[in-house]
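Student:
Numbering (the numbering used here), first residue to last: 2 to 87.
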């Protein structure tokens with residue numbers, strides 16, 4: 002998996018519901034439907050949020066490849082900004 006694919010992958014947050022009373026999984030709506038059904042069958046409370054929502058956080062990454070000295074950079078599609086690789 003590339004650095005860009007890792008930052009772009011669907012995200013989840015384990016946190017409290019809106020009332021703050023119980024734990025639930027907050028998931029971007031890009032997860033496979035079979036996974037969502039499995040969580041439901043197992044009794045895990047889930048909340049589905051929109052893809053690339055700001056609430057799932059932001060990431061940026063920079064990697065220097067040892068073998069060739071190349072620098073790979075990526076910025077999260079969930080936020081404004083950009084990154085350039087060298």
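Cβ atoms here follow ideal geometry from the backbone N, Cα and C, with glycine treated the same way.
Which same chain residues, not among the five before or five after residue 83, have their C-beta less than 7 angstroms away from its C-beta?
Tutor: Answer for residue 83: 76, listed in chain order.
Student: Just list the beta strand (DSSP E) runs in the stretch 19-59, keeping only unbroken ones of 3 residues or longer that don't cross its boundaries, in chain order.
Tutor: List check, beta strand (DSSP E) in window: 24-29 and 47-50.
Student: Residue 73 lies in the beta strand (DSSP E); which residues open and close that run?
Tutor: Residue 73 -> beta strand (DSSP E) spans 72-76.
Student: Are the CB atoms of residue 57 and residue 23 nearer to each other than 9 angstroms?
Tutor: No, these two residues do not count as a Cβ contact at 9 angstroms.
Student: What is the C-beta distance between residue 31 and residue 11, in whole angstroms, given that I count them as a contact (C-beta under 8 angstroms)?
Tutor: At roughly 4 angstroms, the Cβ-Cβ gap stays under 8 angstroms, so residue 31 and residue 11 are in contact.
Student: What does DSSP give as the partner residues of residue 62 in its beta bridges?
Tutor: Partner(s): 75.
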